[in-house]
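Residue numbers (this note's numbering), protein chains in the order written: chain A, 98 to 289; chain B, 4 to 298.
To keep things clear, I will list the structure first and then write my remarks on it.
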Amino acid sequence: MKIGVLALQGDFSEHISMLKKLGVDAVEVRLPKHLDGLDGLIIPGGESTTIGKLAVAYGLMDPLRLFGKSHAIWGTCAGAIFLSKDAKSEQPLLGLMDIKVQRNAFGRQVDSFETDLEIDELMKSTGTEHAYHAVFIRAPLIESVHGNAQVLSALEDGRIVAAQEGHLLATSFHPELTSDTRFHEYFISLAS
Amino acid sequence: MESKTGTWTEKKGLAQMLKGGVIMDVVNAEQARIAEEAGACAVMALERVPADIRADGGVARMSDPDMILKIMDAVSIPVMAKCRIGHFVEAQILESLGVDYIDESEVLTPADEEHHILKHNFKVPFVCGCRNIGEALRRIGEGAAMIRTKGEAGTGDVVEAVRHARAVMGAIRQLKTMGDEELMAFAKNNGAPYELIKETKELGRMPVVNFAAGGVATPADAALMMQLGVDGVFVGSGIFKSGDPAKRAAAIVKSVTFYQDASVLVEVSKNLGEAMVGRNTAQMPEGEKMAGRGW
């Protein structure tokens with residue numbers, strides 16, 4: 098099992114540490130050739146505009162779209178925006194997931210928050226029963242899911258914060274900033 | 004389901020999202036848009052870039068909140084703003100304004116010559132400058148959730164940035180090989196909180212994200228700082244005091260992502276036009292240096 102982490106900008110090293118903790122081979126991806134031989138890819142948190150512009154400049158857009166057709170990809174925060182079809186702003190998007198997102202939906206940094214989520218699918222797949230503690234930072238919201246995309250988790254008020262479409266995964270929050278490895282385990286199961 | 008805001012994880016976390024990126028000084032909404040378009044991961048809103056603060060002299064203070072608001076409205080990336088060292092009321096104003104990060108900065112004229120702001124009292128995260136490991140860990144002890152090595156702002160001379168990054172990284176390398184019984188003396192000699200010295204040794208790195216600042220003017224300068232081990236780069240006067248800001252800004256962004264790839268560095272270094280007019284820090288009178296501010 099070999100998972101790549103898009104390393105154009107953002108907290109890619111946190112994802113790599115998580116993967117290594119789980120005994121998975123993890124590598125940094127900056128150019129199209131780095132996708133060769135990978136079983137899956139994580140697009141980390143960071144600034145989605147920065148990541149998008151660099152992906153365009155270094156010819157990654159089409160190789161990533163092609164990769165996503167047959168491989169698992171997981172986007173956290175900025176990565177979720179980058180995976181979406183519609184982010185209601187002028188910026189490069191992969192358009193792989195049939196979700197509509199709203200950037201900075203919860204406000205500015207002073208409004209960033211941590212909260213517990215009950216995620217049935219995650220608890221089922223990892224055989225655990227405790228809630229998932231999620232860290233949201235200037236987070237996007239998944240405004241709506243369409244087509245084959247499914248809601249994976251929502252806040253109490255119904256706002257969507259995680260979605261899945263087959264082997265593609267999007268989360269508004271940052272599992273890589275916690276010590277809870279369940280989301281990474283879940284993603285590895287999608288990649289294998 | 005209870006939500007918590009302003010936690011240490013949240014404060015540190017935003018800086019983690021900025022890693023591998025470039026934070027650019029901007030003085031108006033138009034410059035902020037140019038920076039965002041070039042791929043900046045955040046902007047620092049201020050009335051005058053350090054090179055102009057140097058040239059103008061006088062007292063440098065927090066910027067006009069209206070000017071900061073206009074920049075916040077102009078871009079979707081995080082917006083930082085500076086307050087004077089120890090000026091906790093300027094910090095209260097910036098927090099209330101909703102800026103994403105406050106830089107308690109030596110570039111402005113200090114308001115307190117003994118004490119920094121107790122940054123744990125705020126929900127908004129702070130970044131502070133340092134010249135060495137002791138200064139970095141004292142600031143973290145006060146609640147800074149991000150550190151930047153100071154360099155010498157507004158000079159376009161990278162030598163001080165290198166000096167400070169080497170001091171910090173060298174101390175961390177030293178710590179990693181030390182026995183636990185040596186840590187208290189190290190804490191004492193460096194004027195650093197013991198618990199944070201222990202944490203730094205255990206992590207093998209600074210406990211919070213650490214950027215370089217102060218004198219970065221070219222893609223090669225930025226890549227140099229990255230290879231020395233920092234997590235990202237602040238560029239102040241270096242971009243908007245140069246001949247072609249948009250092009251230089253985009254080139255520096257690429258140089259930080261591909262800091263280990265010399266073939267990319269060749270491409271992005273071509274035809275950037277005039278770099279900012281530099282000032283040699285070795286010939287600068289001590290009193291003109293900003294890095295000495297901070298205690």
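C-beta atoms are modelled at their ideal positions from N, C-alpha and C, and glycine is treated no differently.
Model, not experiment: these values are computed from the prediction.
Asked                                                                                                                     : Found
Pairwise C-alpha distance: A:Leu190 and B:Glu50                                                                           : 34 Å
Assigned exposure category for A:Leu238 - 16 Cβ within 10 Å defines buried                                                : buried
Residue interval of the alpha helix (DSSP H) (run including B:Lys201)                                                     : 197-206
Beta-carbon proximity check, B:Glu98 vs B:Val52, cutoff 8 Å                                                               : no
Within 8 Å, strictly: CB atoms of B:Ile26 and B:Met47                                                                     : yes
CA-to-CA distance, A:Phe233 to A:Ser269, given in whole angstroms                                                         : 7 Å
Residue range of the beta strand (DSSP E) that includes B:Lys257                                                          : No beta strand (DSSP E) contains B:Lys257, which is instead part of the alpha helix (DSSP H) from 248-260.
Status (buried if at least 16 other CB within 10 Å, exposed otherwise) for B:Lys153                                       : buried
Sufficient close CB pairs (3 or more, under 8 Å) joining the segment 223-230 of chain B to the segment 30-37 of chain B   : no
Buried/exposed call for B:Gln286, threshold 16 Cβ in 10 Å                                                                 : exposed
Cβ-based contacts, 8 Å cut-off: residues of the segment 112-136 of chain B near chain A                                   : Lys126, Val127, Pro128
Backbone secondary structure at B:Ala84 - three-state DSSP                                                                : strand
Cβ-based neighbour list, A:Glu144, same chain, cut-off 8 Å, excluding 5 preceding and 5 following                         : Gln106, Gly107, Ala175
Min CB distance B:Lys73 to chain A below 8 Å                                                                              : no
Helix, strand or coil at A:His112 [DSSP, three-state]                                                                     : helix
Contact with chain A by B:Lys257, beta-carbon distance below 8 Å                                                          : yes
8 Å Cβ cutoff, A:Thr146 in contact with chain B                                                                           : yes
Within chain B, partners of A:Leu271 - CB distance below 7 Å                                                              : Correcting the residue type first, residue 271 of chain A is His in the shown sequence and not Leu. Simply Gly16.
C-alpha distance - B:Ile255 paired with B:Gly24, whole-angstrom precision                                                 : 9 Å
Within 8 Å, strictly: CB atoms of A:Ala169 and A:Phe203                                                                   : no
Closer than 9 Å at the beta carbon, the chain B residues around A:Lys150                                                  : Glu40, Ala41, Gly42, Ala253, Val256
Which residues DSSP lists as bridging B:Arg151, in chain order                                                            : B:Gly132, B:Phe214
Near the ligand NAP: A:Asp133 beta-carbon under 7 Å from a heavy atom                                                     : Among the components modelled here there is no ligand, and therefore nothing to report on the ligand NAP.
Contacting positions in the segment 101-114 of chain A - beta carbon closer than 9 Å to chain D                           : Among the chains of the structure shown, chain D does not appear; the protein chains present are A and B.
The segment 233-243 of chain B touching the segment 210-220 of chain B, judged by at least three CB pairs closer than 8 Å : yes
Partner residues on chain B for A:Val199, Cβ-Cβ distance less than 9 Å                                                    : At residue 199 of chain A the sequence reads Gln, which differs from the Val that was named. Here the premise fails: no neighbours, minimum Cβ distance about 11 Å.
A:Gly137 - DSSP class collapsed to helix/strand/coil                                                                      : strand
Contact list for the segment 234-252 of chain A against chain B, Cβ threshold 8 Å                                         : Ile234, Arg235, Leu252
Given 8 Å, three or more beta-carbon pairs between the segment 136-154 of chain B and the segment 7-22 of chain B         : yes
Residues bridged to B:Lys126 [DSSP beta-bridge criterion]                                                                 : Paired residue(s): none; B:Lys126 is not in a bridge.
Start-to-end residues for the alpha helix (DSSP H) that takes in B:Asp224                                                 : 222-230
Short CB-CB distance (under 8 Å) between B:Ser3 and chain A                                                               : There is no way to answer for residue 3 of chain B, as the model of chain B reaches only from 4 to 298.
Cross-chain neighbours of B:Glu98 in chain A, by beta carbon under 8 Å                                                    : Val207
Residue from B:Ile88, B:Tyr104, B:Gly194 with nearest C-alpha to A:Asp208                                                 : B:Tyr104
Chain A residues whose Cβ lies nearer than 7 Å to that of B:Lys22                                                         : Gly107, Asp108
Proximity below 8 Å, CB of B:Leu231 to CB of B:Ala168                                                                     : yes
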